[in-house]
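Chemist: Residue numbers (this note's numbering), protein chains in the order written: chain A, 1 to 299; chain B, 300 to 530.
Can you read through this structure? Questions will come right after.
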Ligand SMILES: Nc1ncnc2c1ncn2[C@@H]1O[C@H](COP(=O)(O)OP(=O)(O)O)[C@@H](O)[C@H]1O
Ligand SMILES: [Mg+2]
């Protein structure tokens, strides 16, 4: 494509945007809104998934070994534990190791608490069991209970299940929203471009009479859609950024007395968000205009 | 060169607009195509511009065969033609200059070529002084001259005018036809459709008369042959 043709297509595309200022504004607004809703839900889902990851790590099951077993017998219980389907890995922690780990967590001033306990350790041998699928924690905990030599099983089934449930809902809602909003955006862009082509149908008819190729007629409209999508994407990106940052601050601040919760920093997800927004804006813009022009060109 | 051989055209609704038309127009000719309303004049024009295809027979225009023309070649056929309509078909939002220039841009001419060529053609149709005006600021005759300038801009082999004077008063009509005659004298083939007897009789040109989808007369001379044949 010749340079002056490209510049002509862009000029015409921009002219189209300003010719239908209101529709263009509406189209960009809709794209921004759609991207923001999509983005917010996706980021929510992302953070939940991160959180789940943490919880999955901490959602270990503690299996306490019967005190009447000898050390050697206690160590052999692990073989049976590992045979269970949902067990990823189980680590034997002897009573002595458990005590010293406990001591490490109570660093500094409190370390005095465990002094003297070495000789009379109240802790039991245990296995820390990591699961393959956290969703089946309850079943696995029940199975562990039946393993010979197991005295007690500690699993925080309720918390894990709740978080998994929330994640499932958020993921489903995000996906549904993304599909619906994408369709809405394409529809709006396609209508804006339809208006633009309708407004210039005489001009297009004349262009065809004087020998314009379809490609030549199509480009300005494609660029119009592309620019609408791009503008929407960039605007949505910056809005998403500030929205996310302020939300992130508030979450950390609001929950500081309950737990230390930190959302993923925006810097970390910035390239991904920008890329996805640009891509969606680009696809929606081009898709919307091509959809319209294809129908229109059949005349 | 334009050639129609035994051309029939039946529209989708069953209307038989052309019933075996054969016609040959050589390079450099000036031809009037005359006939009453509904006789098939515009159908011939639409065949020549590739807007419609013949149902039977062959249509050749400047080396393109319309019956077998691929859709993507239609624009290139049209670049060899300059088409003028009764209703001018100018872009209202563009200036006179732009209306002419954009026909060049459409075929990929560079800005430099456009700057060189447009003033020349506007001068040819006598509208240099109104280059910055919008179409609605011009008279009908002036608007048609803009359309002629646009038709000429890409140096077509053939100018095709479908009732170019249909919306104009007799004085303006004569001006337009005289302009077309001048363009013809510069070497461009001209095919002008009209049903204005007075106008045709002022020029000693070839007159092809059509009625009911058939050519009923084809003679040269400054005379509206068509009525003579009918009586
Ligand atoms: N697109 C069309 N569909 C159906 N019939 C048409 C169409 N265009 C023209 N006709 C018919 O074909 C005949 C010739 O029309 P046309 O070529 O426009 O005549 P003219 O230009 O000589 O007035 C007329 O009967 C007209 O009604
Ligand atoms: Mg007609």
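Quick reminder that beta carbons are idealized off the backbone N, C-alpha and C, glycines included.
For a quick check, are the C-beta atoms of residue 89/A and residue 144/A less than 9 Å apart?
Modeler: When the beta-carbon positions are compared, residue 89/A and residue 144/A stay at least 9 Å from each other.
Chemist: Cβ closer than 9 Å: which chain B residues qualify as neighbours of residue 207/A?
Modeler: 401, 402, 405
Chemist: Can you find a C-beta in chain A that's less than 9 Å from the C-beta of residue 380/B?
Modeler: yes
Chemist: Could you have a look at residue 502/B and say whether DSSP puts it in helix, strand or coil?
Modeler: Secondary structure of residue 502/B (DSSP, three-state): coil.
Chemist: Please name the residue, chosen from 353/B, 507/B, 381/B, 322/B, that lies closest to residue 451/B on a Cα-to-Cα basis.
Modeler: Sorting 353/B, 507/B, 381/B, 322/B by C-alpha distance to the C-alpha of residue 451/B places 381/B at the top.
Chemist: Excluding sequence positions up to five away, which residues of its chain have a Cβ less than 8 Å from the Cβ of residue 372/B?
Modeler: 363
Chemist: Can you find a C-beta in chain A that's less than 9 Å from the C-beta of residue 434/B?
Modeler: no
Chemist: Can you give me the Cβ contacts of residue 37/A inside the same chain, cut-off strictly under 7 Å, excluding the 5 residues immediately before and after it?
Modeler: 177, 181
Chemist: Suppose the cutoff is 6 Å on Cβ atoms and the five residues either side in sequence are ignored; what does the same chain contact list for residue 342/B look like?
Modeler: Same-chain partners within the cutoff: 308, 316, 317.
Chemist: The beta strand (DSSP E) with residue 5/A in it runs from where to where?
Modeler: Annotation for residue 5/A: no beta strand (DSSP E) segment contains it, though the alpha helix (DSSP H) segment containing it runs 3 to 19.
Chemist: Can you find a heavy atom of ligand 1 that lies under 8 Å from the Cβ of residue 509/B?
Modeler: yes
Chemist: So what does residue 198/A bridge to, in DSSP terms?
Modeler: BP columns for residue 198/A are empty, so no partner.
Chemist: Check whether the region 70 to 85 of chain A touches the region 152 to 162 of chain A, taking contact to mean three or more Cβ pairs, one atom from each stretch, closer than 8 Å.
Modeler: no
Chemist: Which runs of the alpha helix (DSSP H) spanning at least 4 residues fall entirely within the region 30 to 93 of chain A, listed in chain order?
Modeler: Listed in chain order, they are 71 to 82.
Chemist: In this structure, does DSSP put residue 332/B in helix, strand or coil?
Modeler: In this structure, residue 332/B counts as strand in the three-state DSSP scheme.
Chemist: Look at the alpha carbon of residue 30/A and the alpha carbon of residue 238/A, and state the distance between them as a whole number of angstroms.
Modeler: 15 Å
Chemist: To test your reading of the DSSP string, which unbroken beta strand (DSSP E) runs of 3 or more residues are found completely within the region 462 to 514 of chain B?
Modeler: Entirely contained in the region 462 to 514 of chain B, the beta strand (DSSP E) runs reaching 3 residues are, in chain order, 488 to 493, 505 to 510.
Chemist: Whole angstroms are fine: how far does the CA of residue 458/B sit from the CA of residue 482/B?
Modeler: Spanning the two alpha carbons is a distance of roughly 9 Å.
Chemist: Cα separation between residue 305/B and residue 391/B?
Modeler: 40 Å
Chemist: Is residue 320/B near ligand 2, going by C-beta to nearest heavy atom under 8 Å?
Modeler: no
Chemist: Exposed or buried, what is residue 504/B when buried is set at 16 or more other beta-carbons lying within 10 Å of its beta-carbon?
Modeler: That one is buried.
Chemist: Looking at the secondary structure, which residues open and close the beta strand (DSSP E) in which residue 375/B lies?
Modeler: Residue 375/B -> not in any beta strand (DSSP E); alpha helix (DSSP H) instead, spanning 373 to 377.
Chemist: Which same chain residues, not among the five before or five after residue 133/A, have their C-beta less than 7 Å away from its C-beta?
Modeler: Hits under 7 Å: 86.
Chemist: Could you name the residues of chain A that residue 374/B contacts, counting a contact when the two beta carbons are closer than 7 Å?
Modeler: What residue 374/B touches in chain A, judged by beta-carbon distance under 7 Å, is 211, 212, 213, going in chain order.
Chemist: Quick one: complete alpha helix (DSSP H) runs, 4+ long, within the region 185 to 253 of chain A?
Modeler: 201 to 209
Chemist: In terms of residue numbering, what span does the alpha helix (DSSP H) encompassing residue 541/B cover?
Modeler: There is no way to answer for residue 541/B, as the model of chain B reaches only from 300 to 530.
Chemist: Closer than 6 Å is what we want: which residues have a beta carbon that near any heavy atom of ligand 1? List them in chain order.
Modeler: 310/B, 312/B, 314/B, 316/B, 334/B, 336/B, 337/B, 338/B, 339/B, 340/B, 341/B, 342/B
Chemist: Step through the CB atoms of chain B and report whether any lies within less than 9 Å of the CB of residue 17/A.
Modeler: No, because no Cβ of chain B sits closer than 9 Å to the Cβ of residue 17/A.
Chemist: Which residue from 328/B, 402/B, 324/B puts its Cα closest to that of residue 485/B?
Modeler: 328/B
Chemist: Contact between the region 344 to 356 of chain B and the region 465 to 482 of chain B: three or more CB pairs below 8 Å?
Modeler: no
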